[in-house]
Amino acid sequence: ALDESLCAREINYLASLAGVGVAFKLAQALLNKEIPDNAACNDAKASTSSHFRNDVSFISEILPLVAVGTVADVVPLIGENRYFVAKGLDLIAQGKHYGLTRLLESAGYKPEKGITAENIAFGIAPRINASGRLETTEQAMKILISDNKAEIEMAVQSLNEFNKIRQELCRTTVMEAEAMLVNDRNPAIVLFNKDWHIGIIGIVASKLVEKYYKPAFLMTYSEETRQYRCSARSIEGIHLYDVLNANAELFDGFGGHAMAAGCSFTGSFDEVKAALNRTIKEISAGKELKPFINIDLDLSADEIDENLVAQISQLEPFGAGNPSPVFSVKNLKIKEKRLMGENKDHLRLTCIAGESLPPLTCVRWGQGDVGLVAGDTLDIAFHPQLNEYNGNTSVQLIIDDIHSDCLHEEEVSYKLKFYDHRKKTGILPQVEDYIKNSGQSIAIFAESKPVLDTLQPFKCLSRNIVTRDELKTCDSLMFFDYPADRDTFERILEQASPSAVHFMNYEIRTFDEKDFLKTVSGMLKFAHNSNGGKVELRRCASFLGKSYAVFELLFSIFEETGLISILEKAPDYYRIEYIGNIDLALVLHSEKYAVLLELIDECEQFQKSLMEEELETLI
Numbered sequence: 008a009l010d011e012s013l014c015a016r017e018i019n020y021l022a023s024l025a026g027v028g029v030a031f032k033l034a035q036a037l038l039n040k041e042i043p044d045n046a047a048c049n050d051a052k053a054s055t056s057s058h059f060r061n062d063v064s065f066i067s068e069i070l071p072l073v074a075v076g077t078v079a080d081v082v083p084l085i086g087e088n089r090y091f092v093a094k095g096l097d098l099i100a101q102g103k104h105y106g107l108t109r110l111l112e113s114a115g116y117k118p119e120k121g122i123t124a125e126n127i128a129f130g131i132a133p134r135i136n137a138s139g140r141l142e143t144t145e146q147a148m149k150i151l152i153s154d155n156k157a158e159i160e161m162a163v164q165s166l167n168e169f170n171k172i173r174q175e176l177c178r179t180t181v182m183e184a185e186a187m188l189v190n191d192r193n194p195a196i197v198l199f200n201k202d203w204h205i206g207i208i209g210i211v212a213s214k215l216v217e218k219y220y221k222p223a224f225l226m227t228y229s230e231e232t233r234q235y236r237c238s239a240r241s242i243e244g245i246h247l248y249d250v251l252n253a254n255a256e257l258f259d260g261f262g263g264h265a266m267a268a269g270c271s272f273t274g275s276f277d278e279v280k281a282a283l284n285r286t287i288k289e290i291s292a293g294k295e296l297k298p299f300i301n302i303d304l305d306l307s308a309d310e311i312d313e314n315l316v317a318q319i320s321q322l323e324p325f326g327a328g329n330p331s332p333v334f335s336v337k338n339l340k341i342k343e344k345r346l347m348g349e350n351k352d353h354l355r356l357t358c359i360a361g362e363s364l365p366p367l368t369c370v371r372w373g374q375g376d377v378g379l380v381a382g383d384t385l386d387i388a389f390h391p392q393l394n395e396y397n398g399n400t401s402v403q404l405i406i407d408d409i410h411s412d413c414l415h416e417e418e419v420s421y422k423l424k425f426y427d428h429r430k431k432t433g434i435l436p437q438v439e440d441y442i443k444n445s446g447q448s449i450a451i452f453a454e455s456k457p458v459l460d461t462l463q464p465f466k467c468l469s470r471n472i473v474t475r476d477e478l479k480t481c482d483s484l485m486f487f488d489y490p491a492d493r494d495t496f497e498r499i500l501e502q503a504s505p506s507a508v509h510f511m512n513y514e515i516r517t518f519d520e521k522d523f524l525k526t527v528s529g530m531l532k533f534a535h536n537s538n539g540g541k542v543e544l545r546r547c548a549s550f551l552g553k554s555y556a557v558f559e560l561l562f563s564i565f566e567e568t569g570l571i572s573i574l575e576k577a578p579d580y581y582r583i584e585y586i587g588n589i590d591l592a593l594v595l596h597s598e599k600y601a602v603l604l605e606l607i608d609e610c611e612q613f614q615k616s617l618m619e620e621e622l623e624t625l626i
């Protein structure tokens, strides 16, 4: 008779396998000819090792794929899973799989120095997944199974491009989702946009859960099936499958588990949104749902060194079911703060723990800036890693959380969210769709003719254009034109009172001195002939990208040199008589002209600061 306890233990091992683990078991049975009769009930690890010894080629070719699939599927790294991943990572580090090695190298890792499950999770899995999320798997398959190195190199390039597209889609969708969340007080995030890509809404839902610590349900629409399609992510204490099951009658289908789920339906989005929020409100009643981090050990700064990292590495591979230990260190003082990455969404702090100790480099990925400055003190929760740069190896602390008394006041008072699109071009169609589907009141600040002409083909953008004379409160404000002075900039923000501010791509207008004077002279002549001599300062400022002060001083110089006569002066307009027929050299030699040049330079420098500085520092 079979030993029931052994069989039960085998089933327990199998319970944590990823799909790739199940496939591996099947391959193992098919490819190994000599299988002991009692293998099914032997200890799984011993049985697996026995099979491995029978076919070394089988190990080298397949186990790297098992390791990648197991890590990417976020199953517990315990039992056989742990063994598969440890051995598979070792084989990849030895160069046993060319495609995976090249993909890791393209992501900036050095496999020959050893790789971790985290390297797979951040370097390989997103790139392979990006292919599937964008509805093409051909290039990913070539990475995994091709023997042609040239073909693999091309596939690596393709996957990196797919990953960039996926990242941009995620950033755009997060931006759109957060804009829709302004003033949302519901217990769950339930959002819909028919144009959201089905392949990335689950990723975006995870990002929203991480930031807002609420269950998130993101939905798009399939014209093919005529259904709403939803991906959901949750927090501890809110079981997603139970939430969907409680509203089963609303769905055509649903499935998932506690932390991730999905559903589809053909009914009313508003009805489903209300039902989900109602159920989550009932489930969360009386519960204290707050994010927390389990800290394994408090350390002093002098205990953080390469030896610590070496000791921790013996517990690898880390992942679900075997997380990397989290430490804390207190009373660090910030020496330097810097934002990194193309979108400035990574934070690097250089901190001092004592005069006799070297500075600590602390990095927080993907969460943007924090309201701290040099000299502030903080405590951090972290896990340490080795960082190699220019041949030098040092320890850097990967920040899991930050605590500082210096944060409290700023977090309470800071209300604006900033979105940086300053380096993005060719995105007007996406912005048009965003405005069309956002459900917010969005103001488009645009005054100059070149910008207005660019926006004119886009109906939603054009319909929401405002100038400094037409401002009213709005949810979001988009700067397509940049004011030329701080007073105007701050007055626009005060009058619009937005919750979110978007800085779009802008080109600073610069002029040759004589061309500038001739252009203004022509504007004054036109006003005299066609507008009763009335010159609106706003039109001058927006057309030429300069402040009111520039034109007020220039009109004074023009009057002194005999080009115009000022008949009326109001805060926002002048009425002039154009006399003309003077040599502009007289203007250039005016005693006030040097001051005028300084004012013009100040305008350009302020606009340059709006284009280049960290946005939060501008307010």
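Position one of the sequence shown corresponds to residue 8 (this note's numbering), numbered consecutively onward.
Don't be surprised by glycine CBs; every beta carbon is placed ideally from N, CA and C.
Cβ neighbours of Thr77 in the same chain (closer than 7 Å, five flanking residues each side left out): The sequence position of residue 77 within the sequence shown is 70, counting from 1. Cβ within range, chain order: Ala25, Val27, Gly28, Asn88, Phe91 and Val92.
Through-space distance from Gly86 to Phe325, alpha-carbon basis: Along the sequence shown, one-based indexing puts residue 325 at 318. Along the sequence shown, one-based indexing puts residue 86 at 79. Roughly 13 Å between the two C-alpha positions.
Phe486 beta carbon less than 8 Å from that of Phe465: Here residue 465 corresponds to residue number 458 of the sequence shown, with the count starting at 1. Here residue 486 corresponds to residue number 479 of the sequence shown, with the count starting at 1. Not closer than 8 Å, so no.
Whole-angstrom distance between Asn155 and Glu609, CA atom to CA atom: In the sequence shown, the residue the question calls residue 609 occupies position 602. In the sequence shown, the residue the question calls residue 155 occupies position 148. Taking the straight line joining both Cα atoms gives about 59 Å.
Cβ-Cβ separation, Ala491 to Ala534 (assumed contact under 8 Å), whole Å: Looking up residue 534 in the sequence shown gives position 527. Looking up residue 491 in the sequence shown gives position 484. Here Ala534 is actually not in contact with Ala491; their C-beta atoms are around 20 Å apart, not less than 8 Å.
Start and end residues, beta strand (DSSP E) containing His596: As a first step, residue 596 is located in the sequence shown; it is residue number 589 there, counting from the start. Here His596 belongs to no beta strand (DSSP E), and DSSP marks it neither H nor E.
Which of helix, strand or coil DSSP assigns to Lys521: Along the sequence shown, one-based indexing puts residue 521 at 514. Lys521 falls in the helix class under three-state DSSP.
Selection from Leu306, Val377, Arg475 and Asn284 that minimises the alpha carbon distance to Val545: Translated into positions along the sequence shown, residue 545 becomes position 538. For clarity, residue 545 is Arg in the given sequence; the question names Val instead. It is Arg475 whose Cα lies nearest to the Cα of Arg545.
Pro118 in three-state terms, based on DSSP: Along the sequence shown, read from residue 1 onward, the residue named residue 118 stands at position 111. Note: Pro118 maps to helix in three-state DSSP.
DSSP three-state assignment for Phe533, whether helix, strand or coil: As a working mapping, residue 533 is identified with position 526 in the sequence shown. Correct three-state label for Phe533: helix.
Beta bridge counterpart(s) of Asp305 as assigned by DSSP: Taking the sequence shown and counting its residues from 1, the one referred to as residue 305 is at position 298. Bridge partners of Asp305: Ser335.
Proximity to Ile341 [Cα-Cα], best of Pro366, Ile583 and Thr495: By one-based count along the sequence shown, residue 341 stands at place 334. The residue with the shortest Cα to Cα distance from Ile341 is Pro366.
Alpha carbon of Ala592 to alpha carbon of Tyr489, nearest angstrom: Residue numbering aside, residue 592 sits at position 585 when the sequence shown is read from its first letter. Residue numbering aside, residue 489 sits at position 482 when the sequence shown is read from its first letter. Looking at the two C-alpha atoms, the distance is approximately 31 Å.
Where the alpha helix (DSSP H) through Val27 begins and ends: Here residue 27 refers to the residue found at position 20 when the sequence shown is read from its first residue. Val27 -> alpha helix (DSSP H) spans Gly26 to Leu38.
Own chain partners of Asp427 with C-beta closer than 7 Å, once the 5 adjacent residues on each side are dropped: Along the sequence shown, read from residue 1 onward, the residue named residue 427 stands at position 420. Excluding positions up to five away in sequence, the list reads Asn350, Lys351, Phe510 and Leu622.
For Arg545, the first and last residue of its enclosing beta strand (DSSP E): Position 538 of the sequence shown, counting from 1, holds the residue named residue 545. Unbroken run through Arg545 is the alpha helix (DSSP H), Leu544 to Leu551; no beta strand (DSSP E).
Where the alpha helix (DSSP H) containing Thr1 begins and where it ends: Only positions 8 to 626 of the chain appear in this structure, which leaves residue 1 out of reach.
Helix, strand or coil at Ile290 [DSSP, three-state]: Translated into the one-based positions of the sequence shown, residue 290 becomes position 283. Here Ile290 sits in helix by DSSP.
CA-to-CA distance, Phe558 to Asp482, given in whole angstroms: Numbered from its first residue, the sequence shown carries residue 482 at position 475. Numbered from its first residue, the sequence shown carries residue 558 at position 551. Going from the Cα of Asp482 to the Cα of Phe558 covers about 32 Å.
Distance between Leu606 and Ser554 (C-alpha atoms, nearest Å): Looking up residue 554 in the sequence shown gives position 547. Looking up residue 606 in the sequence shown gives position 599. The alpha-carbon atoms of Ser554 and Leu606 are separated by roughly 8 Å.
Those residues which DSSP pairs with Phe510 across a bridge: Residue numbering aside, residue 510 sits at position 503 when the sequence shown is read from its first letter. DSSP output for Phe510 lists Asp427 and Phe486 as bridge partner(s).
Rounded straight-line distance, which links the Cα of Val197 to that of Lys280: Residue 280 sits at position 273 when you count from the first residue of the sequence shown. Residue 197 sits at position 190 when you count from the first residue of the sequence shown. Looking at the two C-alpha atoms, the distance is approximately 6 Å.
Same chain, Cβ closer than 8 Å to Thr273, neighbours up to 5 away in sequence not counted: By 1-based counting over the sequence shown, the position of residue 273 is 266. Only Arg233, Gln234, Tyr235 and Asp259 meet the Cβ criterion.
Nearest-angstrom Cβ-Cβ length linking Arg429 and Met618, presumed shorter than 8 Å: Within the sequence shown, residue 429 is the residue found at index 422, counting from 1. Within the sequence shown, residue 618 is the residue found at index 611, counting from 1. That belief holds up - the Cβ atoms of Arg429 and Met618 are roughly 6 Å apart, short of 8 Å.
Closer than 8 Å to chain C by CB, Ile451: The structure shown contains no chain C, having only a single protein chain.
Contacting residues, own chain, Cβ-Cβ under 7 Å from Val586 (five flanking each side not counted): In the sequence shown, the residue the question calls residue 586 occupies position 579. The displayed chain sequence assigns Ile, not Val, to residue 586. Closer than 7 Å at the Cβ level, and outside the excluded window around Ile586, lie Gly569, Leu570, Ile571 and Ser572.
Coil, strand or helix - Asn444 by DSSP: Within the sequence shown, the letter at position 437 stands for residue 444. Correct three-state label for Asn444: helix.
Cβ-based neighbour list, Gln146, same chain, cut-off 6 Å, excluding 5 preceding and 5 following: Locating residue 146 in the sequence shown gives position 139, where the first residue counts as 1. Cβ neighbours of Gln146 beyond the five flanking positions: Ser138, Ala162, Ser165 and Leu166.
Helix, strand or coil at Pro391 [DSSP, three-state]: For the purposes of this step, residue 391 is taken as residue 384 along the sequence shown, with counting starting at 1. In this structure, Pro391 counts as strand in the three-state DSSP scheme.
Cα-Cα separation between Ala267 and Ser455, rounded to whole angstroms: Counting from 1 along the sequence shown, the entry for residue 267 is found at position 260. Counting from 1 along the sequence shown, the entry for residue 455 is found at position 448. Rounded to whole angstroms, Ala267 to Ser455 spans 48 Å at the Cα level.
Enclosing beta strand (DSSP E) for Ile583 [first to last residue]: Within the sequence shown, numbered from 1, the residue matching residue 583 stands at position 576. Annotation for Ile583: the continuous beta strand (DSSP E) segment containing it runs Tyr580 to Tyr585.
Cα-Cα separation between Asn512 and Gln614, rounded to whole angstroms: By one-based count along the sequence shown, residue 512 stands at place 505. By one-based count along the sequence shown, residue 614 stands at place 607. When rounded, the distance between both Cα atoms is 12 Å.
The region 207-214 contacting the region 527-542, beta-carbon criterion three pairs below 8 Å: Judged by Cβ distances under 8 Å, the region 207-214 makes no contact with the region 527-542, as fewer than three pairs qualify.
Same chain only: Cβ atoms within 6 Å of Ile472, ignoring 5 sequence neighbours per side: The sequence position of residue 472 within the sequence shown is 465, counting from 1. For Ile472, the CB contacts under 6 Å within the same chain, skipping 5 residues up- and downstream, are Ile451 and Ala453 in chain order.
8 Å contact criterion, which Asp303 and Asn338 should meet: CB distance rounded: On the sequence shown, residue 303 is found 296 positions in, with the first residue counted as 1. On the sequence shown, residue 338 is found 331 positions in, with the first residue counted as 1. That belief does not hold up - the Cβ atoms of Asp303 and Asn338 are roughly 19 Å apart, past 8 Å.
Among Gly552, Ala503 and Val527, the one whose alpha carbon lies nearest that of Ile515: Within the sequence shown, the letter at position 508 stands for residue 515. The residue with the shortest Cα to Cα distance from Ile515 is Gly552.
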